[in-house]
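Residue numbers (our numbering): 6 to 192. Input: a single structure, listed below in structure tokens.
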Amino acid sequence: MDNKIRCSWCNGDTLYEKYHDEEWGVPVFDDQKLYEFLLLETFQAGLSWIIILRKRENFKQAFDHFDYRKIALYDEAKIQDLLNDAGIIRNQLKIRAAISNAIQFIAIQNEFGSFSNYIWEFTSGKVIDHHPQTRANVPATSPLSDAISKALKKRGFKFVGSTVIYAQMQATGMINDHVAECWTRKP
């Protein structure tokens, strides 16, 4: 027990605490990592994030280390392999969305130079800090996640509803929703 005060959602599970302490809310500008979180958040839709974290390594192996260039080329045989992989969430719509999203991800890179350039433009390259006092002050969506969701859907992305996008923004540090008493806020 390290006696650190954390956001309450992660307390009591060492994997969750490690994720909270080292990744959640840390700004991500690397396209590979941004795609990884997009893929994982897509599979998380309707499920608990801890389920995805526990299967993260399996997803990494099944999806070629989250290499979106390879994923964009997946064929029906690969889709069937994924549907038979007990180590991941075997949802055909989500698997197909991961492939479709990889294709759209590359299209955005081609248009904007990187996906990072595109997605961070929504916040003018800055972290939005809500300074929530408690977990109850943290929303599941926002007008910004609504706008990003709408923009991504218009470009052909799947499973990118506002709740998924808000979680993506939290995970990749576009939004800092660590509560006031969380040790990550302390100097």
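Yeah, the Cβ is synthetic: ideal placement off N, Cα and C, and Gly gets one too. Being a predicted model, the structure only gives us computed values, none of them experimental.
Approximately 6 Å separates the beta-carbon atoms of Lys99 and Thr47; this is inside 8 Å, confirming the contact. Around the CB of Asp86, fewer than 16 other CB atoms lie within 10 Å, so the residue is classed as exposed. Comparing alpha-carbon positions, the option among Ile108, Tyr73, Ala67 and Met179 lying closest to Asn89 turns out to be Ala67.
Secondary structure of Asn181 (DSSP, three-state): strand.
The shortest CA-to-CA distance from Ser53 to any of Ala77, Tyr21, Glu62 and Ala82 is the one to Tyr21.
Scanning its chain for C-beta atoms nearer than 7 Å, with the 5 sequence neighbours on each side dropped, one finds around Ala77 the residues Ile104, Ala107, Ile108 and Ile111, in chain order. In summary, Ser13 is exposed, with fewer than 16 beta-carbon neighbours lying within 10 Å of its beta-carbon over all protein chains present. When Gln114, His183, Leu39 and Lys158 are compared, the shortest CA-CA separation from Pro144 is found for His183.
Within the DSSP bridge table, the entry for Asp7 names no partner. Judged by beta-carbon spacing, His136 lies beyond the 8 Å limit of Ala172, meaning their Cβ atoms are not closer than that value. Under DSSP, the beta-bridge partners assigned to Asp134 are Asn181.
At least 8 Å separates the beta-carbon of Leu45 from that of Ile56. Annotated three-state conformation of Ala152 is helix, per DSSP. For Thr47, the enclosing alpha helix (DSSP H) covers residues Asp36 to Gln49.
Boundaries of the alpha helix (DSSP H) around Phe110: Gln97 to Phe117. With respect to Ile170, Leu39 sits apart: the two C-beta atoms are not nearer than 8 Å.
Here Val33 carries a coil assignment [DSSP, helix/strand/coil]. Counting the other CB atoms within 10 Å of its CB gives Thr19 a total below 16, which places it among the exposed residues. A direct Cα-to-Cα measurement between Phe34 and Ser154 gives close to 19 Å.
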